[in-house]
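A short write-up of the structure that comes next.
In our numbering, the protein residues as written are 33 to 368.
Shown next as structure tokens:
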């Protein structure tokens with residue numbers, strides 16, 4: 033498959049803006065509590081539905097964000113979390129979409145929803161939700177065996193071009209972010225390599241270690257053990273900036289400075305459309321402080337993850353850009 037696509041994605045980080053659902057003035061903690069009381073919200077526990085199983089990057093980052101936000105809630109009120117899996121995350125998100133829009137049921141929109149929407153697998157769009165706080169924003173990276181005959185992205189591109197059709201790259205299935213990462217790189221650099229699908233990123237990483245495939249595109253947390261043990265090496269991240277938790281791994285942009293090349297595994301704790309704007313503003317304030325807190329950032333560092341704090345308006349702009357990108361990338365992909 034050969035096509036030319038634009039991968040010039042720029043995160044619109046306009047820190048001074050705060051509009052839409054989350055528009056509000058700066059205020060101290062006492063004012064926060066007063067406004068919460070005027071809203072008569074929250075009066076009961078707030079449930080967040082996580083559409084993936086416990087222990088994965090989404091689950092761990094969201095639960096950590098909720099824990100960090102809990103002290104900001106009124107006495108006797110807590111954030112709760114429940115895992116509702118199935119349908120590539122769509123079962124849990126559908127439960128959020130069919131719940132009352134009263135602020136007591138939140139969900140987690142992510143890059144997989146954007147991809148599934150772009151592929152026509154669901155009519156539910158990330159834009160049907162109000163993003164309140166980003167719990168994770170980790171880029172994907174090209175990971176290969178430690179003794180592979182290339183150490184940089186430039187060397188990898190040159191090697192694949194010199195050996196067309198010989199290199200095999202693992203992914204976690206058609207439509208998943210690793211699959212699209214492989215397509216994006218192949219299309220942009222005009223590479224010819226084979227793609228092999230596995231049940232998940234961890235399985236693909238294991239296949240690289242075992243020598244069954246030559247590499248895979250993955251977030252780095254599933255490969256952390258082998259990267260630290262020296263069984264694998266990361267060639268480059270598909271991002272504009274280096275990952276704080278992995279500062280020695282270069283980006284594609286460093287090798288090819290004219291390219292803004294980002295494929296991110298992002299997650300936003302979100303309310304469904306129709307939720308009262310004042311409730312959204314309250315939640316954005318509480319959760320936004322949490323994901324920027326020292327407590328949460330320390331937890332992410334321990335997990336070798338990172339996030340991208342954004343206001344609701346910034347997140348909506350970012351999601352719109354992501355949808356446009358994946359619609360372009362997915363337009364020639366046939367899904368059975």
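All residues carry an ideal CB built from backbone N, CA and C; glycine is no exception. Predicted model, so just to flag it, every value in this text is computed and none were measured.
Quiz item: Hey, residue 270 and residue 172 are a contact pair by Cβ (cut 8 Å); roughly how many whole angstroms apart?
Solution: 5 Å
Quiz prompt | Per DSSP, the bridge partner or partners of residue 139 | solution = 302
Quiz item: Are there 16 or more other CB atoms within 10 angstroms of the CB of residue 363, so buried, or fewer, so exposed?
Solution: exposed
Self-check item: Own chain partners of residue 58 with C-beta closer than 6 Å, once the 5 adjacent residues on each side are dropped
Solution: Residue confidence for residue 58 is low, a pLDDT of 40 falling below 50, so the modelled location carries little weight and cannot support an answer.
Exercise. Flag this pair as yes or no: are the beta carbons of residue 351 and residue 158 separated by less than 7 Å?
Key: yes
Practice problem: With DSSP as the reference, please indicate the residues paired to residue 264 in a beta bridge. | Solution: 177
Quiz item: So what's residue 226 in DSSP terms, helix, strand or just coil?
Solution: strand
Quiz item: Whose C-alpha, out of 264, 240, 120 and 116, is nearest the C-alpha of residue 127?
Solution: 116
Exercise. Tell me where the beta strand (DSSP E) around residue 162 begins and ends.
Key: 161–171
Quiz item: Using the rule of at least 16 other Cβ atoms within 10 Å of the residue's Cβ for burial, across every protein chain shown, is residue 285 buried or exposed?
Solution: buried
Quiz item: Given a threshold of 16 other Cβ atoms within 10 Å of its Cβ, counted over all protein chains shown, does residue 114 qualify as buried or as exposed?
Solution: exposed
Exercise. Have a look at 73, 74, 85 and 94 and flag the residue whose alpha-carbon is nearest the alpha-carbon of residue 301.
Key: 94
Quiz item: Who are the near neighbours of residue 165 in its chain, counting only those whose CB is closer than 6 Å to its CB and skipping five residues on each side?
Solution: 301, 319, 320 and 323
Quiz item: How many angstroms separate the CA atom of residue 385 from the CA atom of residue 169?
Solution: This structure gives no information on residue 385, because the portion of the chain shown stretches from 33 to 368.
Quiz item: Run through DSSP, which three-state label would residue 112 get?
Solution: strand
Self-check item: residue 126 - containing alpha helix (DSSP H), residue span
Solution: 122–129
Quiz item: Count the other CB atoms within 10 Å of the CB of residue 167; is the residue buried (16 or more) or exposed (fewer)?
Solution: buried
Quiz item: Pairing CB atoms from the region 123–139 with CB atoms from the region 255–267, are three or more of them under 8 Å?
Solution: no
Exercise. Identify whether residue 154 lies in helix, strand or coil by the three-state DSSP scheme.
Key: coil
Quiz item: If you count every other CB in all the chains shown that lies within 10 Å of the CB of residue 142, and 16 or more means buried, which is it?
Solution: buried
Quiz prompt | Distance CB(residue 246)-CB(residue 215) smaller than 7 Å | solution = no
Self-check item: Distance, residue 314 Cα to residue 54 Cα
Solution: A caution first: residue 54 carries a pLDDT of 42, below 50, which makes its placement in the model unreliable, though a value can still be read off. Residue 54 and residue 314: Cα-Cα distance of roughly 8 Å.
Self-check item: Three-state secondary structure assigned by DSSP to residue 290
Solution: coil
Quiz item: Per the contact definition of three or more C-beta pairs closer than 8 Å, is the region 181–188 in contact with the region 149–157?
Solution: no
Quiz item: How is residue 336 classed by DSSP in three states: helix, strand or coil?
Solution: coil
Practice problem: Could you give the DSSP three-state label for residue 320: helix, strand or coil? | Solution: helix
Quiz item: Does the region 196–212 come close enough to the region 134–149 that 3 or more CB-CB pairs lie under 8 Å?
Solution: yes
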